[in-house]
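Residues 1 to 274, numbered by the UniProt record's numbering, are exactly what the sequence shown covers, in order. A short worksheet on the structure shown next.
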Amino acid sequence: MSLRNLTRGLFQLAMHRRFYSSIQQQVFTRKLVLNNQRFTSVRSFSSIQTNENVYKDLNQFLDKEIQLERVTQKHPSNLPAIQGFEVTTEGPEVTLIRQSGKEKITVKFNVTNTVNATDSDDEANLHAPDRQQSDAEVTQPSSQLKSRPTFTVDFNRGGQTLSFLCSYLPHDYSDVPEQNQGGENQPQPGENENGKLEDFQIDEFAIHEGDWNDSVYSADCAVIDGELYDKLLNLLEEHGIGEDFANQLIDFSTAYEHRQYIGLLEKLQKFSKK
1 MSLRNLTRGL FQLAMHRRFY SSIQQQVFTR KLVLNNQRFT SVRSFSSIQT
51 NENVYKDLNQ FLDKEIQLER VTQKHPSNLP AIQGFEVTTE GPEVTLIRQS
101 GKEKITVKFN VTNTVNATDS DDEANLHAPD RQQSDAEVTQ PSSQLKSRPT
151 FTVDFNRGGQ TLSFLCSYLP HDYSDVPEQN QGGENQPQPG ENENGKLEDF
201 QIDEFAIHEG DWNDSVYSAD CAVIDGELYD KLLNLLEEHG IGEDFANQLI
251 DFSTAYEHRQ YIGLLEKLQK FSKK
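Below, the structure written as structure tokens:
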């Protein structure tokens with residue numbers, strides 16, 4: 001098992017912004033005027049478009065936007081594989097199942113709000129601190145965005161379930177692989193496209209029968225013994241939930257999240273045509 005930079009802290013991801021889209025964030029300001037000691041919005045007196053024109057304008061924009069998103073898809077046909085697991089999806093929810101002897105291993109995650117633009121920008125800055133973007137790169141949607149969902153891992157054994165809640169580490173905690181001896185630039189197993197390993201941490205764990213709900217006591221891994229935390233990581237690793245799995249999950253989640261986003265744009269376009 002490769003060395004891990006262990007951390008027992010919990011990390012909250014923030015500032016979810018999407019950069020696939022060419023849509024630029026717009027800030028609408030509302031001016032107020034004083035009329036008989038009461039404030040009245042100037043916007044209410046602005047020219048009003050009919051609903052048909054508004055939807056037509058939206059539909060024309062979505063034609064270009066959907067095409068742009070499809071061009072940036074890295075896996076338009078088949079989603080990346082997660083070795084050893086049977087994959088099922090329902091909307092944004094993904095379930096991975098594998099039978100290992102007497103144990104049934106189930107991994108679940110949801111791709112909603114899992115793309116973090118700030119984290120992706122930090123990754124780009126980390127790998128190219130002195131690099132300036134060309135004009136062509138500035139006009140293209142960012143290819144750095146990745147979906148890093150929190151996920152649960154369940155080991156069902158003898159009528160009981162050992163459950164883990166896991167989340168991805170920030171990039172400055174991930175391992176930096178050594179350069180290949182042969183001078184090749186192809187990513188090694190467990191590396192992402194930027195040649196950097198992704199890793200995760202255990203946030204909580206519990207043992208329960210039935211569902212993992214509020215009535216089940218869960219241990220916060222920020223306060224447990226460090227040696228116990230290592231043993232739990234080893235347990236996951238021995239069951240195939242390690243760095244290779246973490247990177248395969250990110251590749252799948254990123255492709256699937258992008259597919260869900262394009263589907264949402266297509267639904268919005270159909271709605272605008274009604």
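No residue lacks a Cβ here, since even glycine has one placed at the ideal position from N, Cα and C.
Of all C-beta pairs linking the segment 95-112 to the segment 144-158, three or more are shorter than 8 Å, placing the two stretches in contact. Taking C-beta separations shorter than 7 Å and ignoring five residues to either side along the sequence, the partners of T114 in its chain run S147, R148, P149, S253, E257, following chain order. In the structure shown, the three-state DSSP call for A81 is coil. In the three-state scheme derived from DSSP, where H, G and I count as helix and E and B as strand, D220 is classed as strand. When secondary structure is reduced to three states using DSSP, L169 falls in the coil class, being assigned neither helix nor strand.
The residue among S77, E90, T95, H75 with its C-alpha nearest the C-alpha of G84 is T95. Judged by DSSP secondary structure, R70 falls within the alpha helix (DSSP H) whose first and last residues are 51-71. Counting along the chain, the unbroken alpha helix (DSSP H) around S272 starts and ends at 243-273. A direct Cα-Cα distance of roughly 10 Å separates L145 from A255. Distances from the CA of Y168 to each of D199, T161, G158 were compared; the closest alpha carbon is that of D199.
For L96, the enclosing beta strand (DSSP E) starts and ends at 93-100.
Excluding its 5 nearest sequence neighbours in each direction, D251 has C-beta neighbours in its own chain below 6 Å: P80, listed in chain order.
The beta carbons of I207 and Q160 sit closer together than 8 Å.
In the DSSP assignment, K146 falls outside any beta strand (DSSP E) and carries neither an H nor an E.
K74 carries a coil assignment under DSSP once its states are collapsed to helix, strand and coil. Our two residues, W212 and Y229, have alpha carbons roughly 20 Å apart in a direct line.
DSSP places E227 in the uninterrupted alpha helix (DSSP H) bounded by 226-238.
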